[in-house]
Ligand code: AMP
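In structure tokens form, the structure reads like this:
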């Protein structure tokens, strides 16, 4: 009898991307880099293998990822390495290691590639999957949170996806969270017999994570749990309100989810998720499309200078599944507007004062719609500092927006070469620039 040959298979939870699937991937790659280019993020690629400790310290010892899901390997030299389970700690490592702390802030980075988590494989949940992520280092203003959320919002719209919604929450900071955790523990201790064994452990090790549990009985207990929003300190409260205000201004629709905590340890203040379905509860709660949040303490924790930061990551496989479900045909890539990093912005938007900063978001959007590149530094509000940045960016025009211009619906157009300025109606910006 001839011996039967062994049929090799791909490793459980890891799939091939076959030639016929490639157009979906190419479309995502193309939209991601066009969005990155528009919002002026620089691409960075880091190795797939990192030191284990980076994620234990960064992602957090008591997180699901570190406790149960990392692929760990020991080298012949005795080093303990992991296949990266997410991007953020790796990007922070690279930012510190490569002297990027000395760069003008904010430093905006994006990346894309495979990540590995030893989860139970099922539809939309793989052991090797792919993420793109956007991170902003060095700016604590709430408008940056809104801008990042808005970036992901635009990303999904640009892919033609409509069946999703945004959920947002604030999980406070080192000052206010401990008081909330106490209240939460007190509430759950009274219901201890009604929660799952895992949540009983979580209550001891990482209490916030009980809010993340997907077990039905725990979901029932969660319904009446205290909300962190009611315990925020004034700084976190103001920050969160401002984020929502900026989101409203840029017509980025969202749902408040007071129990959204996200599974990672490093978050502070704003957290968000893009979920399938038109509103809370409609889609599969296990399969968020994009998730992220602010992590103002992580860079320092990993050995850098104290630096506020925010970021988010999307899962490519899940987004492709959504695209397929939406039966979007894979039209040729956005070749016409393919990004080029050498392409310089033509204008720089200078905003002075709260009203102008709010208005900036819709002006930037108009530029995006008109496919004209514009740069900004929304974290700054000093005129001189912004003018200097504009001059360094070698733009042709600066657009200056202050309180008066906002009220009059005008804007100042400054020719950066001649220094000549004129006031024009906001509606005429594109006509003037094209001239
Ligand atoms: P996280 O890093 O857990 O915040 O996840 C960010 C995004 O990655 C999620 O919103 C998903 O789109 C995607 N994702 C997370 N885990 C998986 C997985 N096991 N398989 C496929 N995609 C995933």
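Numbering (our numbering), first residue to last: 36 to 470.
Ideal Cβ placement from N, Cα and C applies to all residues, glycine included.
Element boundaries [beta strand (DSSP E), containing residue i]
{"i": "residue 142", "result": "142-151"}
{"i": "residue 449", "result": "445-450"}
{"i": "residue 349", "result": "344-350"}
{"i": "residue 456", "result": "456-460"}
{"i": "residue 1", "result": "Beyond the ends of the chain as shown, which are 36 and 470, falls residue 1; an answer cannot be given."}
{"i": "residue 48", "result": "First-last for residue 48: undefined, no H or E at that position."}
{"i": "residue 314", "result": "Element bounds for residue 314: n/a, residue is neither H nor E."}
{"i": "residue 115", "result": "115-118"}
{"i": "residue 409", "result": "409-411"}
{"i": "residue 329", "result": "325-329"}
{"i": "residue 169", "result": "163-172"}
{"i": "residue 63", "result": "No beta strand (DSSP E) contains residue 63, which is instead part of the alpha helix (DSSP H) from 57-73."}
Beta-carbon proximity list for residue i, same chain, < 7 Å, skipping 5 on both sides
{"i": "residue 461", "result": "444, 445, 446"}
{"i": "residue 410", "result": "75, 380, 383, 428, 430"}
{"i": "residue 40", "result": "none"}
{"i": "residue 51", "result": "45"}
{"i": "residue 412", "result": "421, 424"}
{"i": "residue 186", "result": "70, 74, 169"}
{"i": "residue 319", "result": "311"}
{"i": "residue 470", "result": "none"}
{"i": "residue 368", "result": "Any answer about residue 368 is weak, because its pLDDT of 41 lies below 50 and its placement is not dependable; what the coordinates show is given next. Excluding sequence neighbours, residue 368 sits near 61, 62, 65."}
{"i": "residue 371", "result": "Bear in mind that a pLDDT of 38 at residue 371, under 50, signals an unreliable position, so the number given afterwards is only what the model happens to contain. Nothing listed; no residue qualifies."}
{"i": "residue 285", "result": "181, 185, 396, 397, 400"}
{"i": "residue 278", "result": "177, 180, 181, 305"}
{"i": "residue 152", "result": "100, 104, 120, 162"}
{"i": "residue 227", "result": "235"}
Residue burial classification, residue i (beta-carbon count within 10 angstroms, cutoff 16)
{"i": "residue 95", "result": "buried"}
{"i": "residue 171", "result": "buried"}
{"i": "residue 321", "result": "exposed"}
{"i": "residue 162", "result": "buried"}
{"i": "residue 69", "result": "buried"}
{"i": "residue 150", "result": "buried"}
{"i": "residue 375", "result": "Because the pLDDT of residue 375 is 39, which lies under 50, any placement of that residue in the model is unreliable, and the number read from its coordinates should be weighed accordingly. Residue 375 comes out exposed."}
{"i": "residue 72", "result": "buried"}
{"i": "residue 438", "result": "exposed"}
{"i": "residue 458", "result": "exposed"}
{"i": "residue 113", "result": "exposed"}
{"i": "residue 366", "result": "For residue 366, the predicted model reports a pLDDT of 49, less than 50, meaning its position is unreliable and no value from the coordinates is stated."}
{"i": "residue 207", "result": "buried"}
{"i": "residue 88", "result": "exposed"}
{"i": "residue 241", "result": "buried"}
{"i": "residue 327", "result": "buried"}
{"i": "residue 307", "result": "buried"}
{"i": "residue 377", "result": "Note that residue 377 has pLDDT 49, beneath the 50 cutoff, so the model's placement of it is unreliable and no number is given."}
{"i": "residue 232", "result": "exposed"}
{"i": "residue 257", "result": "buried"}
{"i": "residue 309", "result": "buried"}
{"i": "residue 146", "result": "buried"}
{"i": "residue 38", "result": "exposed"}
{"i": "residue 107", "result": "exposed"}
{"i": "residue 109", "result": "exposed"}
{"i": "residue 266", "result": "buried"}
{"i": "residue 166", "result": "buried"}
For residue i: DSSP bridge partner residues
{"i": "residue 276", "result": "Residue 276 is not bridged to any residue."}
{"i": "residue 418", "result": "Residue 418 pairs with nothing; no bridge assigned."}
{"i": "residue 256", "result": "According to DSSP, residue 256 bridges with nothing at all."}
{"i": "residue 306", "result": "204, 328"}
{"i": "residue 385", "result": "435"}
{"i": "residue 246", "result": "Paired residue(s): none; residue 246 is not in a bridge."}
N-terminal and C-terminal residue of the alpha helix (DSSP H) that residue i is part of
{"i": "residue 191", "result": "177-193"}
{"i": "residue 395", "result": "389-404"}
{"i": "residue 139", "result": "Segment: none, residue 139 is in no alpha helix (DSSP H) and carries neither H nor E."}
{"i": "residue 466", "result": "464-469"}
{"i": "residue 154", "result": "Here residue 154 belongs to no alpha helix (DSSP H), and DSSP marks it neither H nor E."}
{"i": "residue 87", "result": "87-93"}
{"i": "residue 125", "result": "123-132"}
{"i": "residue 198", "result": "Neither: residue 198 is in no alpha helix (DSSP H) and is coded neither H nor E."}
{"i": "residue 334", "result": "333-336"}
{"i": "residue 219", "result": "212-225"}
{"i": "residue 234", "result": "232-240"}
Close beta carbons around residue i, own chain, < 6 Å, minus the five adjacent residues each side
{"i": "residue 479", "result": "Since the first residue of the chain shown is 36 and the last is 470, residue 479 is not available in this structure."}
{"i": "residue 343", "result": "175, 331"}
{"i": "residue 264", "result": "293"}
{"i": "residue 53", "result": "none"}
{"i": "residue 237", "result": "244, 245"}
{"i": "residue 49", "result": "162, 163"}
{"i": "residue 393", "result": "284"}
Contact set for residue i: own chain, Cβ-Cβ below 8 Å, skip 5 residues either direction
{"i": "residue 452", "result": "431"}
{"i": "residue 262", "result": "293, 294"}
{"i": "residue 290", "result": "200, 201, 202, 203, 314, 315"}
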